[in-house]
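Okay, structure first, notes after.
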Amino acid sequence: MLATAFLSSSSGSISSVAGAGIGSPSDHKGNALYRERVLREVVSLLANLCHFSLAACVELNSSNASGLTQLFLRLLESGEQTENTTKASVLRLLGNLCTWKQSFNLTSNANLLDRIASTIIHQEPALADKALRIVRYLSKRGCNSKVSYFVHL
């Protein structure tokens, strides 16, 4: 799966996805913007797949769960280095993973839960809404230990 290979690589090599018809970087600053755009598109694609397919969620969850969790955590903690639209895509993907009992354990990382909780009070309403959606899904799925984590914050 090209998308999970891109996400799980720590360098995020653009050359491996350049043939996907997304465009090409023109200079160093453009390269950073290009990487951000590709990352956002890949995360959005995965979020769409996980919204419609349990198999996609299970595959993503089993492929490299700890690596993906760390990547999502780094993206959410990156401050202004990562655009809010990319963070919103990450939160949407996490929310879509929480819709299925078979894949919600990707959110079991305490640091990731902490970052999701702090996003609830974020000034950007779209980010806060997506973080609240994750908590709603976790509570709906009977993940009481995870939801109680948010109550104690």
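Heads up: the sequence shown begins at 146 in the working numbering, then just goes up one per residue.
Ideal Cβ placement from N, Cα and C applies to all residues, glycine included.
Taking one beta carbon from each stretch, the segment 192-200 and the segment 250-262 have fewer than 3 pairs nearer than 8 Å; the two do not touch. According to the DSSP assignment, residue 206 belongs to the alpha helix (DSSP H) that extends over 199-208.
At a Cβ-Cβ threshold of 8 Å, residue 180 and residue 243 do not count as neighbours. For the options 233, 212, 224, the alpha carbon positioned closest to that of residue 189 is the one of 233.
Between residue 271 and residue 264, the C-beta spacing is not below 8 Å.
A buried status is given to residue 241, since no fewer than 16 other beta-carbon atoms sit within 10 Å of its beta-carbon. Rounded to the nearest whole angstrom, the CA to CA distance from residue 221 to residue 238 is 12 Å.
Within the same chain, Cβ atoms closer than 6 Å to the Cβ of residue 227 are found at 220, the five residues on either side in sequence being excluded.
Just so you know, the alpha carbons of residue 284 and residue 261 end up roughly 14 Å apart.
For residue 261, the enclosing alpha helix (DSSP H) begins and ends at 255-265.
A straight-line Cα-Cα distance of about 11 Å links residue 225 and residue 231. The residues 188, 217, 220, 221, in chain order, have a CB closer than 8 Å to that of residue 235 in the same chain once the five nearest residues on each side in sequence are set aside. DSSP, read as helix, strand or coil, puts residue 180 in helix.
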